[in-house]
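Comments concern the structure below.
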Amino acid sequence: MKVTINIDCSPEEARAFLGLPDVAPLQEAAMREMKAHLDAAAKSMNPETVMKTLFPMSPEKLADMQKAFWANFGKS
């Protein structure tokens, strides 16, 4: 014999019925903290500093690299 029971309820209702804690405030606090960290990181990112960190070379060498890139860009 096979018995099937369908229960139509929201996740919040199921958590309350099973006696599980409501984690929504914890999730909201964690998301606020993450957003604050991301905003601070975005404000501290200066494009010039990022480029100097990624390509620690003189402007002349960077210009040479750019010329080489554009020279080979159209080739197949």
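For what it's worth, my numbering labels the leading residue of the sequence shown as 241, then goes sequentially. Glycine included, each C-beta is placed from N, C-alpha and C at the ideal position.
(request) Can you give me the start and stop residues for the alpha helix (DSSP H) that S284 sits inside? (result) For this step, residue 284 is matched to residue 44 along the sequence shown. Counting along the chain, the alpha helix (DSSP H) containing S284 begins and ends at 264 to 284.
(request) Determine, using beta carbons only, whether D262 and R255 come nearer to each other than 9 Å. (result) Sequence index remark: in the sequence shown, residue 262 carries index 22 (1-based). Sequence index remark: in the sequence shown, residue 255 carries index 15 (1-based). In contact: D262 and R255 (Cβ atoms closer than 9 Å).
(message) Assuming contact is defined by CB atoms lying nearer than 9 Å, are E252 and A264 in contact in what I supplied?
(response) Numbered from 1 along the sequence shown, position 12 holds the residue referred to as residue 252. Numbered from 1 along the sequence shown, position 24 holds the residue referred to as residue 264. Yes. Within cutoff.
(request) Consult DSSP for N312 and reduce its assignment to one of helix, strand or coil. (result) Here residue 312 is taken as the residue at index 72 of the sequence shown, counted from 1. The answer is helix: DSSP assigns N312 an H, G or I state.
(message) Is the separation between the beta-carbon of F295 and that of M285 shorter than 9 Å?
(response) Indexing the sequence shown from 1 puts residue 295 at position 55. Indexing the sequence shown from 1 puts residue 285 at position 45. No, Cβ-Cβ distance for F295 and M285 is not below 9 Å.
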